[in-house]
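*Asks:* Numbering (this note's numbering), first residue to last: 17 to 157. Got a structure for you, written out below as structure tokens; questions coming shortly.
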């Protein structure tokens, strides 16, 4: 089974976060205007928002190309990670998997794989992440 980076899901969640931060800043401006005092509310909403938006601006097309180039395959009880741009290939037997975790952060799905050799991989916002987790989960083999 082949798993790839889900660019559409990433961009949709990113747009929702940006919209929520924008609304939060507008509400802080309204409260600041109505109260008429220099409260810390505006700074506590504006600073994280600007940092997030600046980081978002740094996520260029090169970021997406690099993410989409990394392909994860689960074939014949092996995990294969292939970077199509650099040609790097990593392959490990699924019996070497120590722990697999599935979590979500701000709507982004994350599968964390830890091997017995202390190697650690994190698959961020992949298509069918739940299925990838179930294939890698040690209880299945």
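Glycine is no exception: its CB is placed at the ideal position from the N, C-alpha and C atoms.
Going by beta carbon distance, what residues of the same chain come within less than 8 Å of residue 94, once the five residues before and after it are set aside?
*Replies:* The residue you call residue 94 lines up with position 78 of the chain shown. Excluding sequence neighbours, residue 94 sits near 107, 108, 109, 110.
*Asks:* My output table needs one value for residue 104: the three-state DSSP class, helix, strand or coil.
*Replies:* Position 88 of the chain shown, counted from the first residue, corresponds to residue 104. Note: residue 104 maps to coil in three-state DSSP.
*Asks:* When you compare the CB positions of residue 41 and residue 57, do they come within less than 8 Å of one another, or not?
*Replies:* Walking along the chain shown from the start, residue 41 turns up at place 25. Walking along the chain shown from the start, residue 57 turns up at place 41. The answer is no: Cβ separation not under 8 Å.
*Asks:* Pull up the CB-CB distance for residue 9 and residue 142, whole angstroms please, since I reckon it's below 8 Å.
*Replies:* One cannot answer for residue 9 here, as it falls past the ends of the chain, which runs 17 to 157.
*Asks:* Just to confirm, are residue 139 and residue 148 a CB contact at a threshold of 8 Å?
*Replies:* Residue 139 sits at position 123 when you count from the first residue of the chain shown. Residue 148 sits at position 132 when you count from the first residue of the chain shown. Yes, these two residues count as a Cβ contact at 8 Å.
*Asks:* Should residue 22 go down as buried or exposed, given a rule of 16 or more other Cβ atoms within 10 Å for buried?
*Replies:* Taking the first residue of the chain shown as position 1, residue 22 is located at position 6. Residue 22 comes out buried.
*Asks:* Whole-angstrom Cβ separation of residue 99 and residue 86, contact assumed at under 8 Å?
*Replies:* Here residue 99 corresponds to residue number 83 of the chain shown, with the count starting at 1. Here residue 86 corresponds to residue number 70 of the chain shown, with the count starting at 1. Confirmed, about 5 Å.
*Asks:* Where does residue 26 land, buried or exposed, given buried means 16+ other C-beta within 10 angstroms?
*Replies:* Taking the first residue of the chain shown as 1, we reach residue 26 at position 10. Residue 26 is buried by the Cβ-count criterion.
*Asks:* Determine which residues share a DSSP beta bridge with residue 84 and list them.
*Replies:* Indexing the chain shown from 1 puts residue 84 at position 68. Answer is none; residue 84 lacks a bridge partner.
*Asks:* Quick one: Cα of residue 29 to Cα of residue 134, how far?
*Replies:* As a working mapping, residue 29 is identified with position 13 in the chain shown. As a working mapping, residue 134 is identified with position 118 in the chain shown. Roughly 32 Å separates the two Cα atoms.
*Asks:* Tell me the DSSP secondary structure of residue 89 in three-state form.
*Replies:* Taking the first residue of the chain shown as position 1, residue 89 is located at position 73. Residue 89: strand per DSSP, three-state reduction.
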